[in-house]
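Contents: one structure, followed by commentary.
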Amino acid sequence: MMTDLFAPYLAFDAGGIAIEGHDVEIDDCGATPLALLFHELATNAVKYGALSSLAGRVTISIQRAESGVLVVWRETGGPIIAEPPAKTGFGTRLAEISVVQQLGGRLHKAWDRDGLVVTISLDQERLARPES
Numbered sequence: 020m021m022t023d024l025f026a027p028y029l030a031f032d033a034g035g036i037a038i039e040g041h042d043v044e045i046d047d048c049g050a051t052p053l054a055l056l057f058h059e060l061a062t063n064a065v066k067y068g069a070l071s072s073l074a075g076r077v078t079i080s081i082q083r084a085e086s087g088v089l090v091v092w093r094e095t096g097g098p099i100i101a102e103p104p105a106k107t108g109f110g111t112r113l114a115e116i117s118v119v120q121q122l123g124g125r126l127h128k129a130w131d132r133d134g135l136v137v138t139i140s141l142d143q144e145r146l147a148r149p150e151s
């Protein structure tokens, strides 16, 4: 389940990361690329974003859609974002490639003044094998 990916993060237990919506089944097909993506997002949120502030919060909304799964990562309460970062690190590029190539998904980042919003569309069939 998607919530299992966040169990290791202290911010999850402390309420800094909240998950809303549907919990989607995943297996080893989807777990590694999703773990890589969310680890990268959480790490960057701790270093530069919402989780770098005591008032910061990350809300992850998960919805089933006709074509798969829609996940929205929304940061609030962190530093004001004046503009998108000038460069992208290796981990971010790797996570984006994993979403697109391994999960057949799409990823869009919006650098809103109040915090980063990442919209991720995923192919459900690539998250877990069908039950036999």
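Residue numbers for the sequence shown follow the numbering used here, beginning at 20 and rising by one.
Every residue gets a Cβ at the ideal spot worked out from N, C-alpha and C, and that includes glycine.
These numbers were taken from a predicted model, which means no experiment stands behind them.
Report task. Have a look at T78 and N63 and give me their C-alpha separation to the nearest angstrom. Result -> Start at 1 with the first residue of the sequence shown, and residue 78 comes out as number 59. Start at 1 with the first residue of the sequence shown, and residue 63 comes out as number 44. Roughly 15 Å between the two C-alpha positions.
Query raised in the report: Cα separation between I81 and L53?
Result: Within the sequence shown, the letter at position 62 stands for residue 81. Within the sequence shown, the letter at position 34 stands for residue 53. If I take the Cα positions, the gap works out to 13 Å.
Query - Whole-Å CB distance - P98 paired with S72, under 8 Å assumed - result: Against the sequence shown, residue 98 aligns to sequence position 79. Against the sequence shown, residue 72 aligns to sequence position 53. Correct: roughly 7 Å between the Cβ atoms.
Report task. Kindly list the residues whose CB is nearer than 7 Å to the CB of V118, restricted to its own chain and excluding five residues on each side of it in sequence; keep chain order. Result -> Position 99 of the sequence shown, counted from the start, is the residue given in the question as residue 118. The residues are P52, L56, G124, L126, I139.
Query - Through-space distance from L89 to R83, alpha-carbon basis - result: As a working mapping, residue 83 is identified with position 64 in the sequence shown. As a working mapping, residue 89 is identified with position 70 in the sequence shown. The straight-line gap from Cα to Cα measures roughly 6 Å.
Requested in this report: Count the other CB atoms, across all protein chains shown, that sit within 10 Å of the CB of Q143; report buried if there are 16 or more and exposed otherwise.
Outcome: Counting from 1 along the sequence shown, the entry for residue 143 is found at position 124. Taking all protein chains in view, the Cβ of Q143 is crowded by 16 or more other Cβ atoms within 10 Å, so the residue is classified as buried.
Query raised in the report: Do you know how far the Cα of K66 is from the Cα of Q120?
Result: Taking the sequence shown and counting its residues from 1, one reaches residue 120 at position 101. Taking the sequence shown and counting its residues from 1, one reaches residue 66 at position 47. The alpha-carbon of Q120 is positioned some 27 Å away from that of K66.
**Report entry** Neighbourhood of E59 by C-beta, 7 Å cutoff - its chain only, sequence neighbours within 5 removed
**Finding:** As a first step, residue 59 is located in the sequence shown; it is residue number 40 there, counting from the start. Only G110, T111, A114 meet the Cβ criterion.
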